[in-house]
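Visitor:
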Amino acid sequence: MKQQSCYILAIESSCDDTAAAILRNDEVLSNIIATQDIHKAYGGVVPELASRAHQQNIIPVVDQALKKAGVSKKQLSAIAYTRGPGLLGSLLVGTSFAKSLSMGLEIPLIDVNHMQAHLLTHFIKDENPNPEFPFLGVTVSGGHTQIVIVKDHFDFELIGTTLDDAIGEAFDKCGKILGLGYPAGPIIDKKAQSGNPKAFKFPIPKVPGLNVSYSGFKTNVINFIHKNMQKDEGFIEANLNDLCASIQYTLVEIIYEKILKAVEIHQVSRIVLGGGVSANSGLRSKLTKTAITNGWEVFLPTFEFTTDNAAMIGIVGYLKYLKKDFGSLKESASARLKF
Ligand code: KG4
Ligand code: ZN
Numbered sequence: 299m300k301q302q303s304c305y306i307l308a309i310e311s312s313c314d315d316t317a318a319a320i321l322r323n324d325e326v327l328s329n330i331i332a333t334q335d336i337h338k339a340y341g342g343v344v345p346e347l348a349s350r351a352h353q354q355n356i357i358p359v360v361d362q363a364l365k366k367a368g369v370s371k372k373q374l375s376a377i378a379y380t381r382g383p384g385l386l387g388s389l390l391v392g393t394s395f396a397k398s399l400s401m402g403l404e405i406p407l408i409d410v411n412h413m414q415a416h417l418l419t420h421f422i423k424d425e426n427p428n429p430e431f432p433f434l435g436v437t438v439s440g441g442h443t444q445i446v447i448v449k450d451h452f453d454f455e456l457i458g459t460t461l462d463d464a465i466g467e468a469f470d471k472c473g474k475i476l477g478l479g480y481p482a483g484p485i486i487d488k489k490a491q492s493g494n495p496k497a498f499k500f501p502i503p504k505v506p507g508l509n510v511s512y513s514g515f516k517t518n519v520i521n522f523i524h525k526n527m528q529k530d531e532g533f534i535e536a537n538l539n540d541l542c543a544s545i546q547y548t549l550v551e552i553i554y555e556k557i558l559k560a561v562e563i564h565q566v567s568r569i570v571l572g573g574g575v576s577a578n579s580g581l582r583s584k585l586t587k588t589a590i591t592n593g594w595e596v597f598l599p600t601f602e603f604t605t606d607n608a609a610m611i612g613i614v615g616y617l618k619y620l621k622k623d624f625g626s627l628k629e630s631a632s633a634r635l636k637f
C-alpha cells in the first residue's frame, strides 16, 4: 500500500537566522533563510536586535517557503519548530508563530531540539546516504561543541562538551582580532587555504576526558597578536593567510583529538558531523583522510544544511510525525534545552 505524503512546515529562529522549510516526507521542497545582516556592524549577535528582526522576517519567510514548494497552508500536516537551545527572545518568536498557526489550521505542533536537528539533518533525502546506528555525533557550531553517542533517532547521550566557548565562537572571536568580518569562520576557512598551518604554533589545551576548551586558545591568540603588533604594526596584514591557517589548524586539532579518543573509548567508528563549523574545509578533509587510514565511516552534511536552516528542523518534525510524537501548546521555548 502506498504511504500517503505528509507535508511539514518547519520554522527555525534560535539565533540570527529566520528560516522556514517545507518537507514532503523526508524530501525538502523549499528551504528559505533570511540572514540578519544587522549583526555584522557589531561583530556578533545582539539578542534584542535578533528577536526584532525575526518578528519582521518570519511571515515573509514562511510565505516564501510555501510558495517555492507549491504547497498551500491547507495541505500542511504539521508544524515543526525549534524549541531550544538558543537565544530566548529569538526562540519565542518562532515558538509563538508556530503555536498560533497550528491552532489556526488545527494541525499538530512538533517541538524540535536544535542540536538533535544538526545531526538528524543526515536523514534528509538527498545524494548523501543515511548513517546507520549507533554513531558518534559531533556537533560543531557557533553555540555548541558536543560529542554524543546516538543509538537511535531520539536516543542521544552526551559524552563530551566544551567547558567554555564553542568552536564556532572561537573562529569568530579570532577573526575579530584579525579584523575580519562576522561571522569570521568562513572567511578564516577561505584564507587558510592559501596559508601555512604550521607557520605559528599555538598550544593545544589539556582537558581531561572528552571535553574540550576553547577560551584559553582564544586568549593565547589575542596575546600573540598584541605582542607582535607592538613590534610590527603590519604583522597581521603581512601574515594573514598563515595566521588563519594556523588558527584553523589548532581549532580543528582540539576537537579532532577528542574524536580520536571517543572512537577508542566507545568503539564506534561511524562519525556524523553537524553544525555550522562542519562546513569547514580543514575539518572535513581531516576527517575524510582519517576515514581512509583508520577505516572509519564519516558522514559530512550537505553544505546547504551545515549552518542553521529549517530543513533540519523539518526532518526531525517528519521523524516525530511518524511516531505521532506531538508537542503541546503548553511547551515553552527553552534557551538551555537538553537532549
Ligand atoms: O550552526 P550555526 O549556523 O549556528 C549555531 O547554531 O551556532 O553555526 C554558526 C557558526 C559560526 O560561528 C560560523 O563562523 C561557523 O559556524 N562557520 C564556520 C564555517 N562556516 C560557518 N566555521 C569555520 N569554517 C567554516 N567554513
Ligand atoms: Zn545551529
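What the sequence shown shows, in the working numbering, is residues 299 to 637, in sequence order.
C-beta atoms are modelled at their ideal positions from N, C-alpha and C, and glycine is treated no differently.
#1: Could you check what DSSP says for residue 467 in three-state terms: helix, strand or coil?
#2: Using only the heavy atoms of the ligand KG4, determine whether one of them is closer than 7 Å to the beta carbon of residue 457.
#3: Let me check you understand the geometry: is the CB of residue 439 closer than 7 Å to at least one non-hydrogen atom of the ligand ZN?
#4: Sort 495, 551 and 454 by Cα distance to residue 541 and report the nearest one.
#5: DSSP has residue 310 in a bridge; who is on the other side?
#6: Could you give the first and the last residue of the continuous beta strand (DSSP E) run that contains residue 458?
#7: List the residues that DSSP assigns as beta-bridge partners of residue 325.
#8: What did DSSP end up calling residue 568 once you bin it into helix, strand or coil?
#9: Just curious, the beta strand (DSSP E) that residue 450 is in, first and last residue?
#10: Report yes if the C-beta distance between residue 519 and residue 486 is below 8 Å; otherwise report no.
#11: If we call anything under 8 Å between Cβ atoms a contact, is residue 308 one with residue 319?
#12: In its own chain, which residues sit with a C-beta less than 6 Å from the C-beta of residue 637, not counting the 5 before and 5 after it?
#13: Which residue or residues does DSSP assign as beta-bridge partners of residue 537?
#14: Who are residue 411's beta bridge partners in DSSP?
#15: Where do the N-terminal and C-terminal ends of the alpha helix (DSSP H) with residue 603 fall, by residue?
#16: Suppose you measure from the CA of residue 580 to the CA of residue 311; what does that come to, to the nearest Å?
Guide: Inspection of the coordinates gives the following:
#1: Your numbering for residue 467 matches position 169 in the sequence shown. Note: residue 467 maps to helix in three-state DSSP.
#2: One-based indexing of the sequence shown puts residue 457 at position 159. It does not: the Cβ of residue 457 is nowhere closer than 7 Å to a heavy atom of the ligand KG4.
#3: Against the sequence shown, residue 439 aligns to sequence position 141. Flag set: Cβ of residue 439 near the ligand ZN.
#4: Locating residue 541 in the sequence shown gives position 243, counting from the first residue. Comparing Cα-Cα distances from residue 541 to each of 495, 551 and 454, the minimum goes to 495.
#5: The sequence position of residue 310 within the sequence shown is 12, counting from 1. Partner(s): 317.
#6: By one-based count along the sequence shown, residue 458 stands at place 160. First-last of the beta strand (DSSP E) with residue 458: 453-459.
#7: For the purposes of this step, residue 325 is identified with residue 27 of the sequence shown, where counting begins at 1. DSSP output for residue 325 lists 322 as bridge partner(s).
#8: The residue you call residue 568 lines up with position 270 of the sequence shown. Strand.
#9: Here residue 450 is taken as the residue at index 152 of the sequence shown, counted from 1. Counting along the chain, the beta strand (DSSP E) containing residue 450 begins and ends at 443-450.
#10: Looking up residue 519 in the sequence shown gives position 221. Looking up residue 486 in the sequence shown gives position 188. Not a contact, by the Cβ cut-off of 8 Å.
#11: As a working mapping, residue 308 is identified with position 10 in the sequence shown. As a working mapping, residue 319 is identified with position 21 in the sequence shown. Cβ distance < 8 Å, so residue 308 and residue 319 count as in contact.
#12: Position 339 of the sequence shown, counting from 1, holds the residue named residue 637. Closer than 6 Å at Cβ, skipping near neighbours: 454.
#13: In the sequence shown, the residue the question calls residue 537 occupies position 239. Paired residues: none, contrary to the question.
#14: Taking the first residue of the sequence shown as 1, we reach residue 411 at position 113. Beta-bridge pairing links residue 411 to 382.
#15: As a working note, residue 603 is residue 305 in the sequence shown. From DSSP, residue 603 is part of no alpha helix (DSSP H); its letter is neither H nor E.
#16: In the sequence shown, residue 580 corresponds to position 282, counting from 1. In the sequence shown, residue 311 corresponds to position 13, counting from 1. If I take the Cα positions, the gap works out to 28 Å.
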